[in-house]
Each structure stands twice: as structure tokens, then as C-alpha cells.
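Asker:
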Amino acid sequence: MNLVANMNKREKTLLSITAIVIVVLLNFFLIKFFLSNRAVLTQKLAMTQVKIDTLKKRETERNLWAKRDALLDEKMPVLGDSDVASKEMREAILEIAKKHTVTLEAPAPGTPVNLPGHIALGVKFDAKGTWDGVFNFLLELQGPEKFTAIEGCEIKVNREDKTQLRATLTIVRWYAPK
Amino acid sequence: MKQNGVTPALLGPDAHGWRVSVGGAAEQSAPTLGEAIAALPANADVELALPCQSVLIERHKLPSTDRTELADMLQLQLEKTLPYPLEDVSHGFEILSQGENESTVITFAASRAQLDTLCAPMREKGRVPVRITLQALRVAASCPDTGTILALWPEQGQTACAIVSDGKLAWAQPIPGLGPDAVLGELPGLLLSAELQGVPADFSEIRISEEAGDLADGLVQHFGIPVEKLGALPRAKAALDLLPPAWQAELRSRARGDTLRQNLLVAGVIWLVLIAGAFGYLAWLKNRVQSVEREHNAMKPRYAGIEKQMARWESLAPVIEPKRYITEVLHRLISAIPEDKSMFFTSFSFGPREWVAKGEGTTDARFALVTKLKADKELDGFELYTPPEQPLKDDKVTFTVTGKPK
Numbered sequence: 001m002n003l004v005a006n007m008n009k010r011e012k013t014l015l016s017i018t019a020i021v022i023v024v025l026l027n028f029f030l031i032k033f034f035l036s037n038r039a040v041l042t043q044k045l046a047m048t049q050v051k052i053d054t055l056k057k058r059e060t061e062r063n064l065w066a067k068r069d070a071l072l073d074e075k076m077p078v079l080g081d082s083d084v085a086s087k088e089m090r091e092a093i094l095e096i097a098k099k100h101t102v103t104l105e106a107p108a109p110g111t112p113v114n115l116p117g118h119i120a121l122g123v124k125f126d127a128k129g130t131w132d133g134v135f136n137f138l139l140e141l142q143g144p145e146k147f148t149a150i151e152g153c154e155i156k157v158n159r160e161d162k163t164q165l166r167a168t169l170t171i172v173r174w175y176a177p178k
Numbered sequence: 001m002k003q004n005g006v007t008p009a010l011l012g013p014d015a016h017g018w019r020v021s022v023g024g025a026a027e028q029s030a031p032t033l034g035e036a037i038a039a040l041p042a043n044a045d046v047e048l049a050l051p052c053q054s055v056l057i058e059r060h061k062l063p064s065t066d067r068t069e070l071a072d073m074l075q076l077q078l079e080k081t082l083p084y085p086l087e088d089v090s091h092g093f094e095i096l097s098q099g100e101n102e103s104t105v106i107t108f109a110a111s112r113a114q115l116d117t118l119c120a121p122m123r124e125k126g127r128v129p130v131r132i133t134l135q136a137l138r139v140a141a142s143c144p145d146t147g148t149i150l151a152l153w154p155e156q157g158q159t160a161c162a163i164v165s166d167g168k169l170a171w172a173q174p175i176p177g178l179g180p181d182a183v184l185g186e187l188p189g190l191l192l193s194a195e196l197q198g199v200p201a202d203f204s205e206i207r208i209s210e211e212a213g214d215l216a217d218g219l220v221q222h223f224g225i226p227v228e229k230l231g232a233l234p235r236a237k238a239a240l241d242l243l244p245p246a247w248q249a250e251l252r253s254r255a256r257g258d259t260l261r262q263n264l265l266v267a268g269v270i271w272l273v274l275i276a277g278a279f280g281y282l283a284w285l286k287n288r289v290q291s292v293e294r295e296h297n298a299m300k301p302r303y304a305g306i307e308k309q310m311a312r313w314e315s316l317a318p319v320i321e322p323k324r325y326i327t328e329v330l331h332r333l334i335s336a337i338p339e340d341k342s343m344f345f346t347s348f349s350f351g352p353r354e355w356v357a358k359g360e361g362t363t364d365a366r367f368a369l370v371t372k373l374k375a376d377k378e379l380d381g382f383e384l385y386t387p388p389e390q391p392l393k394d395d396k397v398t399f400t401v402t403g404k405p406k
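Here the protein sequences line up with chains A and B, keeping their order.
1 is the number of the first residue of the first sequence in my numbering; add one for each residue after it.
1 is the number of the first residue of the second sequence in my numbering; add one for each residue after it.
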């Protein structure tokens with residue numbers, strides 16, 4: 001206290017300014033700390049609450065998911081001899097292509113690939129056909145119980161005849177894991 | 001008696017030193033002013049009553065009844081009569097009586113140098129009196145409002161003698177010494193000189209302090225009127241304040257400082273409460289988050305089976321969810337082409353993790369296509385990305401639309 005009393009006016013002004021700056025900075029950091037922590041905690045609380053609500057909602061869907069799982073167990077094909085399976089798949093695809101007047105060239109069969117949740121066995125083709133033909137061919141290839149995925153498809157419109165398409169297709173059938 | 005947290009204290013001379021009275025409590029004596037100050041609480045507002053010997057007291061008859069005019073006239077009068085320059089003196093006056101065009105006033109003047117010396121022990125301790133008055137004025141305030149009273153009391157080795165007329169201090173002088181011989185020897189001469197100055201001297205009563213009790217017999221013999229005891233001295237009724245302006249400024253500054261300190265203290269307390277509240281709120285929020293997380297963790301095992309079934313379904317979605325089929329995506333893209341056919345697709349690539357459609361057309365057509373695709377509920381399983389268009393000739397652009405499973 002005596003130290004302050006012995007100060008002249010300029011020293012007191014300087015001391016006041018310093019004190020104000022320190023108080024303002026301290027408040028700034030405290031407010032920033034409070035707001036950022038509050039935001040993080042509030043977000044965490046909201047997210048966890050949403051997760052809890054989602055889990056509670058799952059309870060009402062328990063039967064649905066059990067049925068779906070049973071359906072997959074029942075319908076998902078099991079891979080036996082991969083060469084036979086590959087040949088059968090190629091023949092089936094060629095038949096569908098023929099039905100929709102789509103020309104398939106350069107078939108390149110793949111080997112079975114073990115992936116999490118399924119085994120993928122694919123074949124690659126170059127396809128040519130009309131818009132409608134290619135579309136209907138693809139439409140027939142896929143279906144809920146066919147377990148067929150189009151893993152790579154590059155479709156290009158023929159610049160000279162825009163009714164014709166050229167496509168490079170990788171058609172893959174998914175089997176149940178062993 | 002405290003007022004706004006401040007204790008009023010009176011500090012006046014006694015027979016051999018100083019007497020302190022704090023908040024109306026019993027008086028305490030101290031040999032020096034320094035010791036008297038030490039007896040005061042830190043928050044006391046001190047009114048200092050000076051002894052007669054420290055103040056020059058004069059009576060004046062002036063040709064005015066206006067207080068402002070009287071103050072100006074006294075300024076001139078005091079410049080002539082005082083032994084110090086007027087700027088080195090703290091002075092004040094009281095109007096004793098007023099006629100039609102004239103007033104009788106009593107002036108009080110104290111040398112600032114003398115006040116500095118007298119109050120040095122007080123100011124060294126950072127204390128400034130809130131008011132400086134005269135002990136004789138306190139004595140006058142204790143006397144009745146009618147009649148002429150002669151009052152005697154000891155002040156720091158001298159005897160103060162005052163004439164109080166109708167409750168106002170009309171005259172006061174110190175008499176060197178304390179004993180009856182010293183006082184009764186000097187008193188007649190002093191009273192005669194007072195009478196010559198026009199001070200009423202037909203006393204209705206004599207009052208002496210308890211310490212001056214040995215004067216009582218001599219006074220009764222000399223004046224032939226009863227001698228009463230002076231009671232407890234109240235505050236001076238007169239508005240006189242001999243506090244130098246610089247001290248007043250110091251006092252104001254001190255008061256401002258005290259107010260500022262108090263306000264800062266209150267602000268500090270409020271700030272601390274707010275900070276504590278804010279941290280308390282954060283602690284509560286954290287606790288709540290932990291409690292909700294515990295609840296979530298406790299629930300998770302019950303739903304682990306469903307989560308696994310959902311994950312399996314999701315991983316097989318490209319082959320079992322019609323919305324994820326290439327034909328469905330193509331159908332949605334073709335359906336979104338504007339009716340005016342102002343655009344067309346040039347290429348389309350499709351994979352389980354992404355599909356990309358490229359096209360050409362007008363900016364409006366591209367905008368219409370993208371808007372329609374984004375609004376398409378059948379594509380809500382995909383997150384759509386539309387990077388900026390690339391300009392071509394004839395106001396046309398090439399564009400890309402990418403869809404990624406959510």
C-alpha cells in the first residue's frame with residue numbers, strides 16, 4: 001500500500017493500465033477457456049444423448065434386424081468349387097447379355113477374394129450395346145437375392161452414334177464367408 | 001455509533017494532552033497527539049478540536065449583513081491584523097449578532113504551518129481529520145442558548161477562558177497556568193479588555209470543567225454567582241472548519257480511494273463468484289457427460305447383437321439394397337435430365353464406394369440437374385459432390401456429379 005502511496009501520478013497511471021491489461025487478458029483467457037470447454041462438453045453430451053436415443057430406437061427394430069440376418073444366412077450363396085462357380089457365373093451373364101442384345105467381349109475371370117463379411121468372385125467384360133440394352137442387362141444382373149455387385153463400370157457414349165454405349169464391367173458375385 | 005461503516009471520533013485538548021472520544025464511548029486521555037491517534041480505530045472519521053492557544057480569535061463589527069460581503073470584508077480585515085500572510089492561514093467566522101446594517105462577527109484563524117506541525121503525527125500515520133474546529137466552540141455548544149456564561153477549562157497546561165452569549169462563543173482567550181492564583185490573577189484584566197471590545201460581561205452563570213474544580217471557590221468569591229460543572233462536550237454547533245484546502249483535497253482523494261477500493265473489492269468478489277459459478281457449471285456439465293457416457297456404455301452390450309447385424313447388412317448393401325444398384329443410380333440420373341435436353345451425359349463410372357457421372361450442357365441445365373438430384377429421395381443414401389463446372393464454347397460447360405454412399 002505504501003509502495004502505491006509513494007508513486008507519482010505517471011507511475012500510478014502506468015500501474016493502473018498494467019493492472020487493467022492483466023485483468024482484461026486474464027478474463028479473456030478465462031472466458032475463452034469456459035466457452036470452449038462448455039462447447040466441447042455440450043456437444044459431447046448431445047452426441048452421447050443421440051447415441052442413447054438411437055440405441056433405444058434399436059430396441060424397436062430388434063425383430064427386423066434378426067429377420068434380415070436370418071434372411072442373409074438363408075439366401076446368401078455358399079462358394080463351392082470356385083472354377084465351377086466362375087464358369088456358371090460367366091455363362092449366366094452371357095445368357096442375360098444375349099437376351100438384351102448386348103455384346104460381351106474379352107471375358108477375364110477373377111479369383112475368389114476373401115473380404116470381411118463375404119467372398120467375392122468376379123469377371124471382367126467389355127460390353128457394347130444400345131442404351132436400353134445395356135440398362136436392361138444391368139437391371140437383370142442385380143437383384144436382392146442375386147448377390148451380384150457391379151464393382152467397376154465405365155460407360156462411355158459413342159460420339160459417332162449416341163444411341164450406342166461402350167462399357168467396361170467388373171461383375172462380382174458375393175458368397176457367404178467360410 | 002457507526003454511520004456507513006465509519007465511526008465518528010472527537011479529538012480535543014485536555015489538561016495535559018489530548019482526549020479521544022470514539023463513537024460516543026468513554027473518553028480516553030493521551031499525553032501526545034500521536035498516542036491519541038493510536039487509540040483511534042482505522043475507520044474513524046476524526047473531528048479535531050484545537051486548543052485556544054493554537055487559534056487567533058478576534059471580534060469585528062462590520063457594516064454589512066450579507067454573509068458573502070462579510071467574508072470579503074473579513075478577508076481585507078484579516079490581511080491587516082494577522083501576523084501571517086492570509087494564504088498561509090486557515091480561517092473562518094461566525095456571526096454573533098446583526099443590526100439593521102451591521103454585524104458583529106467572531107473570526108478564527110490558525111496558521112497552516114502551526115496546523116502542519118500540530119497534526120504531523122496524525123498525517124504521518126496517513127490520517128487526516130475530517131474537520132478542524134475549536135474546543136471553545138464545543139464548550140459553547142454545551143452551554144444553554146440563553147444568558148451569558150463564563151466558561152473555564154484547562155487546555156494543555158493553560159486555562160482557556162470563554163464567554164458564551166446566547167449559546168454562541170462570543171470571546172475566548174487562554175490564560176497561562178492552571179492554578180487558582182494564576183487564573184484569578186489574570187481573569188479580571190482579560191474580562192475588562194473583553195468588555196471594552198463589546199463582549200457582554202454580566203454573567204448569568206459560570207461553568208468550569210471537572211479538572212478546573214479548584215477554581216470554583218475563588219470564582220464564587222469574585223463574581224458572587226453560582227459555579228456549575230461543564231458537562232460532556234458535544235460536537236461544535238458552529239459550522240467553522242479550519243481544515244486547510246490541501247488537506248480537504250487529500251481527504252477527498254482518500255475518500256475516492258476508499259470508495260474505489262470498496263468498489264474494486266465488491267467487483268472482485270462478484271468476479272470470483274462468477275468464476276466459481278462458471279467452473280462449478282463446467283464441473284457439473286462434465287459430471288453429467290460422464291454420467292450419460294456411463295449410461296451409454298452400460299447400454300451398448302445389450303445392443304451389440306443388433307449393431308453387428310446392421311453392420312453386416314450395411315457391408316452387403318451394394319448387392320441387397322436396390323437403391324445402391326447401378327441401374328437405380330442410372331435411372332435417377334436420366335430422370336433428372338431437364339426436359340429441354342440442354343445437357344447430356346458423356347461418361348459414367350460406378351463402383352461400390354463411388355459413382356461419377358460426367359456431362360455437358362448449359363449452366364442452367366447443370367443447375368437444374370444438380371438441384372433435382374439433391375432433392376431426389378431415392379438418392380438419399382448417397383452424399384453428392386458437385387465440383388465447379390468447366391466452361392466450354394457456346395456458353396456450355398462440362399460438369400461432374402459424384403455420389404458416395406453415406
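Virtual Cβ for every residue (Gly too), placed ideally from N, Cα, C.
Could you pull out every residue in the same chain whose Cβ sits closer than 6 Å to the Cβ of Met-1(B), ignoring the five residues on either side in sequence?
Answerer: The residue labelled residue 1(B) in the question sits at position 1 within the second sequence. Residue placement at Met-1(B) is flagged as unreliable, the pLDDT there being 47, under the threshold of 50; a coordinate-derived value is accordingly withheld.
Asker: Return helix, strand or coil for Asp-116(B), following the three-state DSSP convention.
Answerer: Start at 1 with the first residue of the second sequence, and residue 116(B) comes out as number 116. Reduced to three states, the DSSP call for Asp-116(B) is helix.
Asker: At which residues does the alpha helix (DSSP H) containing Tyr-470(B) begin and terminate?
Answerer: Within the shown structure, residues of chain B are numbered from 1 to 406, placing residue 470(B) beyond reach of any answer.
Asker: Compute the distance between the beta-carbons of Arg-58(A) and Tyr-303(B), then report whether it is under 8 Å.
Answerer: Taking the first residue of the first sequence as 1, we reach residue 58(A) at position 58. Taking the first residue of the second sequence as 1, we reach residue 303(B) at position 303. Closer than 8 Å, so yes.
Asker: Between Leu-285(B) and Arg-38(A), which are expected to be in contact by the criterion C-beta below 8 Å, what is the C-beta distance as a whole number of angstroms?
Answerer: For this step, residue 285(B) is matched to residue 285 along the second sequence. For this step, residue 38(A) is matched to residue 38 along the first sequence. About 7 Å; that satisfies the 8 Å criterion.
Asker: Whole angstroms is fine: what's the gap from Ile-17(A)'s alpha carbon to Val-4(A)'s?
Answerer: In the first sequence, residue 17(A) corresponds to position 17, counting from 1. In the first sequence, residue 4(A) corresponds to position 4, counting from 1. Roughly 14 Å separates the two Cα atoms.
Asker: Between the stretch 81–97 of chain A and the stretch 329–341 of chain B, are three or more C-beta pairs nearer than 8 Å?
Answerer: No, they do not touch.
Asker: Using the Cα positions of Glu-140(A) and Leu-79(A), report the straight-line distance between them to the nearest angstrom.
Answerer: In the first sequence, residue 140(A) corresponds to position 140, counting from 1. In the first sequence, residue 79(A) corresponds to position 79, counting from 1. The alpha-carbon atoms of Glu-140(A) and Leu-79(A) are separated by roughly 22 Å.
Asker: If we cut at 8 Å on Cβ distances, does Leu-41(A) have a partner in chain B?
Answerer: Position 41 of the first sequence, counting from 1, holds the residue named residue 41(A). It does; some Cβ of chain B falls within 8 Å.
Asker: Please confirm whether Gly-361(B) and Phe-344(B) have their CB atoms less than 8 Å apart.
Answerer: Here residue 361(B) refers to the residue found at position 361 when the second sequence is read from its first residue. Here residue 344(B) refers to the residue found at position 344 when the second sequence is read from its first residue. A contact, by the Cβ cut-off of 8 Å.
Asker: Run through DSSP, which three-state label would Gln-98(B) get?
Answerer: For the purposes of this step, residue 98(B) is taken as the residue at position 98 of the second sequence. Note: Gln-98(B) maps to strand in three-state DSSP.
Asker: Taking the CB atoms as reference points, tell me whether Leu-78(B) and Phe-108(B) lie closer together than 8 Å.
Answerer: Along the second sequence, one-based indexing puts residue 78(B) at 78. Along the second sequence, one-based indexing puts residue 108(B) at 108. Result no, Cβ atoms of Leu-78(B) and Phe-108(B) do not sit closer than 8 Å.
Asker: Let me confirm a value: Thr-148(A) is counted as buried when at least 16 other C-beta atoms fall within 10 Å, else exposed. Which label applies?
Answerer: As a position in the first sequence, residue 148(A) is number 148, starting the count at 1. Its Cβ being crowded by 16 or more others within 10 Å, Thr-148(A) is buried.
Asker: Give a yes or no on whether the C-beta atoms belonging to Pro-13(B) and Glu-155(B) are separated by under 8 Å.
Answerer: Within the second sequence, numbered from 1, the residue matching residue 13(B) stands at position 13. Within the second sequence, numbered from 1, the residue matching residue 155(B) stands at position 155. Yes; because the gap between Cβ atoms is below 8 Å, this pair is in contact.
Asker: Write down the C-beta distance between Leu-190(B) and Cys-161(B) rounded to the nearest angstrom, noting that I regard them as a contact closer than 8 Å.
Answerer: Working through the second sequence from its first residue, we reach residue 190(B) at position 190. Working through the second sequence from its first residue, we reach residue 161(B) at position 161. Their Cβ separation, rounded to whole angstroms, is 6 Å, which keeps Leu-190(B) and Cys-161(B) in contact under 8 Å.
Asker: Give a yes or no on whether the C-beta atoms belonging to Leu-316(B) and Trp-65(A) are separated by under 8 Å.
Answerer: Residue mapping note: residue 316(B) aligns to position 316 of the second sequence, counting from 1. Residue mapping note: residue 65(A) aligns to position 65 of the first sequence, counting from 1. No, the Cβ-Cβ distance between Leu-316(B) and Trp-65(A) is not below 8 Å.
Asker: In three-state terms, what does DSSP make of Gly-133(A)?
Answerer: As a position in the first sequence, residue 133(A) is number 133, starting the count at 1. Three-state DSSP puts Gly-133(A) in a helix.
Asker: Based on the DSSP output, what are the partners of Pro-391(B) in its beta bridges?
Answerer: Residue mapping note: residue 391(B) aligns to position 391 of the second sequence, counting from 1. Val-397(B).
Asker: Which of the three DSSP states is assigned to Thr-65(B) in this structure?
Answerer: Here residue 65(B) is taken as the residue at index 65 of the second sequence, counted from 1. Coil, per DSSP.
Asker: Would you give the residue range spanned by the beta strand (DSSP E) that Ala-42(B) belongs to?
Answerer: The sequence position of residue 42(B) within the second sequence is 42, counting from 1. Unbroken run through Ala-42(B): none, as it is neither H nor E.
Asker: Looking at C-alpha atoms only, which residue of Val-183(B), Lys-168(B), Asp-166(B) and Val-397(B) is the closest neighbour of Pro-174(B)?
Answerer: Position 174 of the second sequence, counted from the first residue, corresponds to residue 174(B). Selected option, being the one with the closest Cα: Val-183(B).
Asker: Taking any Cβ of chain A, which residues in the stretch 286–301 of chain B have a Cβ under 9 Å from it, in chain order?
Answerer: Residues passing the 9 Å Cβ filter: Lys-286, Arg-288, Val-289, Val-292, Glu-293, Glu-295, His-296, Met-299 and Lys-300.
Asker: State the beta-bridge partners of Pro-422(B) as determined by DSSP.
Answerer: Chain B is shown only over 1 to 406; residue 422(B) falls outside these bounds and no answer can be derived.
Asker: Does Glu-74(A) come within less than 8 Å of chain B when only Cβ atoms are used?
Answerer: Taking the first sequence and counting its residues from 1, one reaches residue 74(A) at position 74. So no, Glu-74(A) is outside the interface.
Asker: Counting only beta-carbon separations shorter than 8 Å, does Ala-151(B) have a partner in chain A?
Answerer: Residue numbering aside, residue 151(B) sits at position 151 when the second sequence is read from its first letter. It does not; no Cβ of chain A falls within 8 Å.
Asker: Closer than 8 Å, CB to CB, is Trp-171(B) near chain A or not?
Answerer: Position 171 of the second sequence, counted from the first residue, corresponds to residue 171(B). Chain A contact via Cβ: absent.
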